[in-house]
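Take a look at the structure set out below.
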Amino acid sequence: MNPQAFAGITTMIITPYADDGTVAPEIATELARRVDAAGIDVIAALGNTAEMQQLDAAERTIMLRAVAAGRQRAQLLAGVSGSVGDVIMTAAEAADLGYHAIMVHEPADPFGDSADVAGYYERIADRSPLPAVLYLRSPRLALGDLGRLAGHPGIAAVKYARDDLLGLSTLLNGPTSADCVWVNGLAESRVPAFAALGITGFTTGIGNVRPELCVAVRDAVINNDLPRLYALLDLVRSVEVLRAAGNNRCNVSVLKELLRLDGLPAGGVRPPHAPLDDPARTRLQDAWRAWTPDRLRALGVAVPTP
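In case it helps, the working numbering puts the sequence shown at residues 21 to 326.
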């Protein structure tokens, strides 16, 4: 595992469905192949964007295999959740498939304070055959416990998806901050804010649709090319607004509609994810039309040849 890959882009692959609602692994493999070819650093299966919580055990395995089959050079990241035992079994399965690390979702069990949640992560990091990435959205884990976990040798990175950059800046000044890689878990819209803290890595859902645009964003951040960065972010801003609305209810639907517009149908979504309504679909189509090859090339995006 090369932890510095997390200083680049992590694309969270969606779970495509066939017309009958079953998982369509061949489309997932094609998405992973395209993302890899575009130069994305890390390809992730079974993130929230993959509707992981709505997949049964067999479907999760199908997705792990499908995403791994499309990988050529990028690092592979496998989402895991559940009991410590289930997580370790899935980590072993992922290791056999060639994955390089696991991404540990927050425990669904509502009980336990920060120290207890930290203990859950520690047990996983102690036993996992693969390095762990902590995916944090809620404030359940206190900053002190998170700082201590960052120094664990089994933890490679933290995907920080909390809207608390002040707390993050405190952690980055702590004694263990250099022991793992910190990742912007709030996607393109927060790239400038995280970059101001020295964090260049970010996760993306739009990478399923326009991975080459995400590569351009990464390069602009690394080169501190702010005019180019903000021009690129203007292209995705309206899409990200649609994805975030209503507690992310249409987050995945937006991506699947964009893929459909590109000629790669990926099916619908499963509850509690919601389909797009007509006004949102119209706004999304307007944003998609703005992604013309000429406009993208003018911003240094390596538009693939049809």
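Positions of the beta carbon are idealized from the N, C-alpha and C atoms, including for glycine. The structure displayed is predicted, hence computed values, not measured ones.
Would you give the residue range spanned by the beta strand (DSSP E) that residue i belongs to?
| i | result |
| --- | --- |
| Q95 | Q95 to V100 |
| N68 | Element bounds for N68: n/a, residue is neither H nor E. |
| W202 | V201 to N204 |
| F214 | Careful: F214 lies outside any beta strand (DSSP E), inside the alpha helix (DSSP H) at V211 to A215. |
| M32 | I29 to M32 |
For residue i and residue j, what's the separation of their Cα atoms in angstroms?
| i | j | result |
| --- | --- | --- |
| N228 | A65 | 12 Å |
| N204 | F26 | 10 Å |
| A215 | G187 | 15 Å |
| P231 | D165 | 35 Å |
| T69 | N193 | 31 Å |
| A300 | L262 | 7 Å |
| L252 | F131 | 42 Å |
| T81 | P247 | 42 Å |
| A307 | A264 | 15 Å |
| G139 | G102 | 14 Å |
| D40 | L75 | 15 Å |
| P173 | V235 | 29 Å |
| P326 | R182 | 38 Å |
Do residue i and residue j have their CB atoms nearer than 7 Å?
| i | j | result |
| --- | --- | --- |
| A135 | I175 | no |
| A52 | G90 | yes |
| A286 | P23 | no |
| I29 | T224 | yes |
| L79 | V43 | Residue 79 is actually Glu in this sequence, not Leu. Yes, they are a contact pair. |
| A86 | P127 | no |
| T220 | V201 | no |
| V104 | R143 | yes |
With a cut-off of 8 Å on the beta carbons, I'd call residue i and residue j a contact; round off their distance for me.
| i | j | result |
| --- | --- | --- |
| Y119 | L150 | 6 Å |
| P195 | L249 | Actually they do not touch by this definition, with Cβ atoms about 31 Å apart. |
| S338 | V289 | Residue 338 lies beyond the range of the chain shown here (21 to 326); nothing can be said about it. |
| L206 | V321 | With 8 Å as the limit, L206 and V321 do not qualify as a contact, their Cβ atoms being about 22 Å apart. |
| L279 | L304 | No, L279 and L304 are not in contact; Cβ-Cβ is about 12 Å, not under 8 Å. |
| R185 | L217 | Rather than Arg, the amino acid found at residue 185 in this sequence is Leu. The Cβ separation is near 7 Å, so the contact holds. |
| S209 | R257 | 7 Å |
Once the 5 residues before and after residue i are set aside, which same chain residues still bring their CB inside 8 Å of it?
| i | result |
| --- | --- |
| V153 | F26, L97, A121, I122, M123, V124, I175, A176, A177, V178, K179 and V203 |
| A55 | Here residue 55 turns out to be Val, not Ala, going by the sequence shown. Closer than 8 Å at the Cβ level, and outside the excluded window around V55, lie T31, I33, I63, G90, A94, G227, N228 and P231. |
With a threshold of 6 Å on Cβ separation, who are the neighbours of residue i within its own chain once the five nearest residues in sequence on each side are excluded?
| i | result |
| --- | --- |
| V137 | R160 and L161 |
| R238 | G28 and I29 |
| K276 | A286 |
| N271 | R263 |
Say the cut is 6 Å; is the CB of residue i nearer than that to a heavy atom of the ligand ADP?
| i | result |
| --- | --- |
| V104 | Because no ligand of any kind appears in the structure shown, any question about the ligand ADP cannot be addressed here. |
Give me, in chain order, the residues of the same chain whose beta-carbon lies closer than 7 Å to that of residue i; leave out the 5 immediate sequence neighbours on both sides.
| i | result |
| --- | --- |
| G171 | T196 and D199 |
| P324 | E232 |
| A115 | P149 and L150 |
| D282 | V229 |
| Y141 | V124, L154 and L169 |
Which residues mark the beginning and the end of the alpha helix (DSSP H) in which residue i is found?
| i | result |
| --- | --- |
| L169 | L163 to A170 |
| L249 | L246 to N268 |
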